[in-house]
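>
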Amino acid sequence: MLNFSIALIECIDLGFTYMPGTPLTSEALKNINLSVEEGEFIAFIGPTGSGKSTLIQHFNGLLTPTEGKAVFKGKQIGVNIHPYEVRREVGLVFQFPESQLFEETVAEDVSFGPRNLGLSGEEVSERAEEALELVGLSYDRFAGRSPFELSGGEQRLVAIAGVLAMKPRMLVLDEPTSGLDARGKARVMRCLTELNRDGMTIVFVSHDMDEVAEFAHRVVVLDKGRIVFDGDPGTVFSQAGVLKNIGLNIPATTELLVKLSGRGFDLDTGAVSLRETVNLVCNALKGEQRL
Amino acid sequence: MIQLKNVTYHYGKDKKKITALDDVSLTIKEGEFVAVLGANGSGKSTLARHINGLLIPSKGEVLVDGISTADREELWKVRSLVGIVFQNPDNQIIATSVEDDVAFGPENLGVEPDEIRSRIREALAAVDMADYAKREPHLLSGGQKQRVAVAASLAMHPKYLVFDEATSMLDPRGSAEIIATIKKLKGDLGITAIHITHIADEAVLADRVIVLSGGAVVRDGPPHAIFSDIRALMAVGVGAPRARLIAEELIRAGVKLPGTILTVDELVEALC
Ligand SMILES: Nc1ncnc2c1ncn2[C@@H]1O[C@H](COP(=O)(O)OP(=O)(O)OP(=O)(O)O)[C@@H](O)[C@H]1O
Ligand SMILES: Nc1ncnc2c1ncn2[C@@H]1O[C@H](COP(=O)(O)OP(=O)(O)OP(=O)(O)O)[C@@H](O)[C@H]1O
Ligand SMILES: [Mg+2]
Ligand SMILES: [Mg+2]
Numbered sequence: 010m011l012n013f014s015i016a017l018i019e020c021i022d023l024g025f026t027y028m029p030g031t032p033l034t035s036e037a038l039k040n041i042n043l044s045v046e047e048g049e050f051i052a053f054i055g056p057t058g059s060g061k062s063t064l065i066q067h068f069n070g071l072l073t074p075t076e077g078k079a080v081f082k083g084k085q086i087g088v089n090i091h092p093y094e095v096r097r098e099v100g101l102v103f104q105f106p107e108s109q110l111f112e113e114t115v116a117e118d119v120s121f122g123p124r125n126l127g128l129s130g131e132e133v134s135e136r137a138e139e140a141l142e143l144v145g146l147s148y149d150r151f152a153g154r155s156p157f158e159l160s161g162g163e164q165r166l167v168a169i170a171g172v173l174a175m176k177p178r179m180l181v182l183d184e185p186t187s188g189l190d191a192r193g194k195a196r197v198m199r200c201l202t203e204l205n206r207d208g209m210t211i212v213f214v215s216h217d218m219d220e221v222a223e224f225a226h227r228v229v230v231l232d233k234g235r236i237v238f239d240g241d242p243g244t245v246f247s248q249a250g251v252l253k254n255i256g257l258n259i260p261a262t263t264e265l266l267v268k269l270s271g272r273g274f275d276l277d278t279g280a281v282s283l284r285e286t287v288n289l290v291c292n293a294l295k296g297e298q299r300l
Numbered sequence: 007m008i009q010l011k012n013v014t015y016h017y018g019k020d021k022k023k024i025t026a027l028d029d030v031s032l033t034i035k036e037g038e039f040v041a042v043l044g045a046n047g048s049g050k051s052t053l054a055r056h057i058n059g060l061l062i063p064s065k066g067e068v069l070v071d072g073i074s075t076a077d078r079e080e081l082w083k084v085r086s087l088v089g090i091v092f093q094n095p096d097n098q099i100i101a102t103s104v105e106d107d108v109a110f111g112p113e114n115l116g117v118e119p120d121e122i123r124s125r126i127r128e129a130l131a132a133v134d135m136a137d138y139a140k141r142e143p144h145l146l147s148g149g150q151k152q153r154v155a156v157a158a159s160l161a162m163h164p165k166y167l168v169f170d171e172a173t174s175m176l177d178p179r180g181s182a183e184i185i186a187t188i189k190k191l192k193g194d195l196g197i198t199a200i201h202i203t204h205i206a207d208e209a210v211l212a213d214r215v216i217v218l219s220g221g222a223v224v225r226d227g228p229p230h231a232i233f234s235d236i237r238a239l240m241a242v243g244v245g246a247p248r249a250r251l252i253a254e255e256l257i258r259a260g261v262k263l264p265g266t267i268l269t270v271d272e273l274v275e276a277l278c
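Listed in order, the protein sequences are those of chains A and B.
Note that my numbering gives residue 95 to position 86 of the first sequence, counting from 1, and the numbers run on in steps of one.
Note that my numbering gives residue 41 to position 35 of the second sequence, counting from 1, and the numbers run on in steps of one.
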């Protein structure tokens, strides 16, 4: 098949084993075939230890496959393109944000990425300020503080701001909203949605099925290092049985529709977003002249 | 019983002073399952660190079974009564194997080796990590580290369990299992659990919900009472259970529903 558009990221028969050939060896990924196109908004879900963090660290060359290859815009990472080059275009927020913070002040920490891109001092501070405000941290209150003397959620917001400030082509976030309060969660997800609308490719890991249902356009499910589903949220969340078997769940919206349908409501159970769900329930009630 | 009497806590001093707890008074009784909610930076972790004496109040006092956490001589007693799981499991890893990590607490309490072995088995089974006993805790996935931290706290057989977002990186089954374990320990052994979380659906399962804002307790009561006014909660950065959010949208679209719904099952019943 001829492929005219080149994918942003391609994993071809990718496998990854931690510490191969030692007693501590562990095979984290097996036979992954996947491509991420420019402009996508993808959620990776999967039970504890299924390989999500390991997989997404291949997207910016932080890990090198032990089998197969990871390709960035047609170039094999580590062979035809240096991981450092990839990292200028693919920003990564780690699962544990603390591991990403190292400067003395919040402002310096958020400035580190843009400065490394060679931007002018003025532009660097502009971006840092803008990124902090985007995640809801007031520049005046937080800029001068030590990132190590913040609450857990505040640290995560700083880590996210640091990567946003680089304005990468693609953003990879490992459980970006875990540890955030409801307001912070909503703000970060809204921000990602807007960036995606402006063309940025977004990949995130989440254990929150409702968040995935609401925001992702595509869902990739991992289990034991393999991809078990890859599709739109409606299709993936119609697999309640398999998902529950591997330790996952379905969003509350889908659960409601399935349960109502089981109680005789005439409605399509494939919806996942809040708005679609409310519309479906209202239409069903209207059908029964109850609304 | 855990008592906080007019507890105020400041980090730093002078111009850098931050008041993380502001005159907090609370009593947590034996056998209670308490959820603590609150926005980022509202003081939840600071509160947790006061319960095992890791932090000592700048003003006021904390009593665990009548022992003041400021009494350095008795601190070991407080530490043996309170098992805590910190927000970042990386900060809690002590040993180079999962089983040694879980053994550390009971060893320090002087528990017999045979008993320690059985506690390791039991605690790792409770968090579904029995197969990882020989692994290095640093080289685990995020959720696996969190499970090990929970196992380490369970193995101490503490009277009070403090979980600081101990379920934040678990898969849905993992979180549900932790909540089930709390309920079982409470039922079988009368253990008291304080569960800090941002997930309103988990707080719904507790006996009592405490809401912090700006270092002060702003709400305290049973889940149904606390979640009756979700606007007040949202104003302090706390979210509502998912089913309630759906119900609110339905009400907005003209559907007649009670304003008390907290679970999908309650919503289904109200619609049928
Ligand atoms: N540094 C490491 N060294 C050795 N094995 C590792 C390392 N990191 C992870 N693993 C193992 O690889 C597997 C996949 O881990 P990974 O961190 O990718 O999982 P995950 O899907 O992100 O899980 P979680 O939801 O718990 O974060 C797990 O079995 C884990 O124990
Ligand atoms: N080590 C520290 N030094 C100085 N200030 C701190 C320190 N740790 C926390 N703070 C500040 O104290 C306040 C309360 O922090 P705390 O960690 O208790 O919040 P939290 O409710 O646990 O938040 P989160 O939900 O983000 O974990 C915040 O304003 C935070 O910035
Ligand atoms: Mg992970
Ligand atoms: Mg905290």
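Yeah, the Cβ is synthetic: ideal placement off N, Cα and C, and Gly gets one too.
The model shown is predicted, which means the values in this text are computed figures rather than measured ones.
Residues of chain B with a CB under 7 Å from the CB of S160 (chain A): which are they?
Numbered from 1 along the first sequence, position 151 holds the residue referred to as residue 160 (chain A). Those are N46, G47, S51, listed as they occur along chain B.
> Rounded C-beta distance between T244 (chain A) and T262 (chain A)? I'm assuming under 8 Å.
Here residue 244 (chain A) is taken as the residue at index 235 of the first sequence, counted from 1. Here residue 262 (chain A) is taken as the residue at index 253 of the first sequence, counted from 1. That belief does not hold up - the Cβ atoms of T244 (chain A) and T262 (chain A) are roughly 15 Å apart, past 8 Å.
> If you compare alpha carbons, which of B:L60, B:L167, B:F110, B:Y17 is closest to I335 (chain B)?
The structure shown does not extend to residue 335 (chain B), since chain B is modelled only from 7 to 278, so the question has no answer here.
> By Cβ distance, which residues of its chain are closer than 7 Å to V156 (chain B), with the 5 residues on each side in sequence left out?
As a first step, residue 156 (chain B) must be located in the second sequence, where it is residue number 150. Around V156 (chain B): V91, V133, A172, I184.
> Straight-line CA distance for A158 (chain B) to K192 (chain B)?
Taking the first residue of the second sequence as 1, we reach residue 158 (chain B) at position 152. Taking the first residue of the second sequence as 1, we reach residue 192 (chain B) at position 186. If I take the Cα positions, the gap works out to 18 Å.
> What's the call for H91 (chain A), buried or exposed, on a 16-neighbour Cβ count within 10 Å?
Walking along the first sequence from the start, residue 91 (chain A) turns up at place 82. Exposed, because fewer than 16 other Cβ atoms sit within 10 Å of the Cβ of H91 (chain A).
> Do S181 (chain B) and ligand 3 come close, with the Cβ less than 7 Å from some heavy atom?
Taking the second sequence and counting its residues from 1, one reaches residue 181 (chain B) at position 175. No, the beta carbon of S181 (chain B) sits no closer than 7 Å to any heavy atom of ligand 3.
> Counting only the same chain and skipping the five closest in sequence on each side, list residues whose C-beta sits under 7 Å from that of Q150 (chain B).
Position 144 of the second sequence, counting from 1, holds the residue named residue 150 (chain B). Taken in chain order, the residues that qualify are M135, Y138.
> Find out if the Cβ-Cβ distance for the pair V102 (chain A), A152 (chain A) is shorter than 8 Å.
Numbered from its first residue, the first sequence carries residue 102 (chain A) at position 93. Numbered from its first residue, the first sequence carries residue 152 (chain A) at position 143. In this structure, A152 (chain A) does not lie closer than 8 Å to V102 (chain A) by Cβ.
> Comparing the C-beta of Y27 (chain A) with each C-beta of chain B, is any distance below 8 Å?
On the first sequence, position 18 is the one that residue 27 (chain A) refers to. With 8 Å as the cut-off, Y27 (chain A) counts as an interface residue toward chain B.
> Please list, in chain order, the chain B residues whose beta carbon lies closer than 9 Å to that of R196 (chain A).
For the purposes of this step, residue 196 (chain A) is taken as the residue at position 187 of the first sequence. Under the 9 Å cutoff, chain B gives no residues; its nearest Cβ is about 10 Å from R196 (chain A).
> Return yes when the C-beta of L146 (chain B) is under 7 Å from any heavy atom of ligand 1, and no when it is not.
On the second sequence, residue 146 (chain B) is found 140 positions in, with the first residue counted as 1. For ligand 1, at least one heavy atom lies less than 7 Å from the Cβ of L146 (chain B).
> Taking only beta-carbon atoms, is T14 (chain B) less than 8 Å away from chain A?
Sequence index remark: in the second sequence, residue 14 (chain B) carries index 8 (1-based). Output row for T14 (chain B): interface = no.
> Does DSSP put R284 (chain A) in a helix, a strand or coil?
In the first sequence, the residue the question calls residue 284 (chain A) occupies position 275. The answer is helix: DSSP assigns R284 (chain A) an H, G or I state.
> Name the chain B residues whose beta carbon is nearer than 7 Å to that of R192 (chain A)?
Taking the first sequence and counting its residues from 1, the one referred to as residue 192 (chain A) is at position 183. Under the 7 Å cutoff, chain B gives A45, G243.
> So which of A:S187, A:T202, A:R192 has the shortest CA-CA distance to M218 (chain A)?
For the purposes of this step, residue 218 (chain A) is taken as residue 209 along the first sequence, with counting starting at 1. Ranking the options by Cα distance to M218 (chain A), first place goes to A:S187.
> Name, going along the chain, the residues of the region 54-67 of chain A whose beta-carbon falls closer than 9 Å to a beta-carbon of chain B.
Correct list: I54, G55, P56, T57, G58, S59, G60, K61, S62, T63.
> Can K61 (chain A) be considered in contact with ligand 1, in the sense that its beta carbon sits closer than 7 Å to one or more heavy atoms?
Taking the first residue of the first sequence as 1, we reach residue 61 (chain A) at position 52. Flag set: Cβ of K61 (chain A) near ligand 1.
> With H, G and I counted as helix, E and B as strand and the rest as coil, what does DSSP make of A225 (chain A)?
Here the question's residue 225 (chain A) lines up with position 216 in the first sequence. In the structure shown, A225 (chain A) sits in coil (DSSP, three-state: anything other than H, G, I, E or B).
> Taking the continuous alpha helix (DSSP H) assigned at Q164 (chain A), which residues delimit it?
On the first sequence, residue 164 (chain A) is found 155 positions in, with the first residue counted as 1. Looking at the DSSP string, the run of the alpha helix (DSSP H) that includes Q164 (chain A) is 161-173.
> Tell me which same chain residues have a C-beta within less than 8 Å of the C-beta of L33 (chain A), skipping the five on either side of it?
To locate residue 33 (chain A), count along the first sequence from 1; it is residue 24. These residues qualify, in order along the chain: Y27.
> Measuring straight from C-alpha to C-alpha, what distance separates I236 (chain B) and P56 (chain A)?
The count along the second sequence starts at 1 and reaches residue 236 (chain B) at position 230. The count along the first sequence starts at 1 and reaches residue 56 (chain A) at position 47. Spanning the two alpha carbons is a distance of roughly 31 Å.
> Suppose the cutoff is 7 Å on Cβ atoms and the five residues either side in sequence are ignored; what does the same chain contact list for P74 (chain A) look like?
To locate residue 74 (chain A), count along the first sequence from 1; it is residue 65. L23, G24, F25, H67.
> Please name the residue, chosen from A:R192, A:A79, A:R227, that lies closest to A241 (chain B) on a Cα-to-Cα basis.
Working through the second sequence from its first residue, we reach residue 241 (chain B) at position 235. Nearest C-alpha to A241 (chain B): A:R192.
> Does ligand 2 have even one heavy atom less than 7 Å from the beta-carbon of S282 (chain A)?
Here the question's residue 282 (chain A) lines up with position 273 in the first sequence. No, the Cβ of S282 (chain A) stays beyond 7 Å of every heavy atom of ligand 2.
> Using a Cβ cut-off of 8 Å (strictly closer), state whether H56 (chain B) contacts chain A.
Working through the second sequence from its first residue, we reach residue 56 (chain B) at position 50. No, because no Cβ of chain A sits closer than 8 Å to the Cβ of H56 (chain B).
> Give the C-beta separation of L32 (chain B) and G59 (chain B) to the nearest angstrom, bearing in mind that I take them to be a contact with Cβ-Cβ under 8 Å.
Translated into the one-based positions of the second sequence, residue 32 (chain B) becomes position 26. Translated into the one-based positions of the second sequence, residue 59 (chain B) becomes position 53. That belief does not hold up - the Cβ atoms of L32 (chain B) and G59 (chain B) are roughly 16 Å apart, past 8 Å.
> Of all the options A:L283, A:A140, A:D190, A:E46, which has the alpha carbon lying nearest to the alpha carbon of A45 (chain B)?
As a first step, residue 45 (chain B) is located in the second sequence; it is residue number 39 there, counting from the start. The candidate whose alpha carbon is nearest that of A45 (chain B) is A:D190.
> Go ahead and pull the three-state DSSP assignment for I205 (chain B).
Here residue 205 (chain B) corresponds to residue number 199 of the second sequence, with the count starting at 1. I205 (chain B) falls in the coil class under three-state DSSP.
> Of all the residues that make up the region 287-299 of chain A, which are near chain B by a beta-carbon distance shorter than 7 Å?
Those residues of the region 287-299 of chain A that come within reach of chain B (Cβ to Cβ, closer than 7 Å) are V287, V290, C291, L294.
> I want to verify the contact list: residues of chain B whose CB lies under 7 Å from the CB of F224 (chain A), in sequence order.
Translated into the one-based positions of the first sequence, residue 224 (chain A) becomes position 215. None at all; the shortest Cβ gap to chain B is about 14 Å.
> Could you tell me whether the Cβ of A140 (chain A) comes closer than 8 Å to any Cβ of chain B?
On the first sequence, position 131 is the one that residue 140 (chain A) refers to. No, because no Cβ of chain B sits closer than 8 Å to the Cβ of A140 (chain A).
> Would you grab the beta carbon distance between G256 (chain A) and E36 (chain A) for me? Rounded to a whole angstrom, and I think it's under 8 Å.
Within the first sequence, the letter at position 247 stands for residue 256 (chain A). Within the first sequence, the letter at position 27 stands for residue 36 (chain A). At roughly 19 Å, the Cβ-Cβ gap does not stay under 8 Å, so G256 (chain A) and E36 (chain A) are not in contact.
> Who are the Cβ neighbours of K21 (chain B) in its own chain at under 6 Å, not counting the five residues just before and after it?
Within the second sequence, residue 21 (chain B) is the residue found at index 15, counting from 1. Once the five neighbours on either side are set aside, K21 (chain B) has no close Cβ partner at all.
> Which residues have their C-beta within less than 5 Å of a heavy atom of ligand 2, listed in chain order?
Taken from the N-terminal end onward, the list reads A:E158, A:L159, A:S160, A:G161, A:G162, B:Y17, B:I24, B:A26, B:N46, B:G47, B:S48, B:G49, B:K50, B:S51, B:T52.
> Can you name the residues of chain A whose CB is closer than 7 Å to the CB of N94 (chain B)?
The residue given as residue 94 (chain B) occupies position 88 in the second sequence. F105, E107, G161, listed in chain order.
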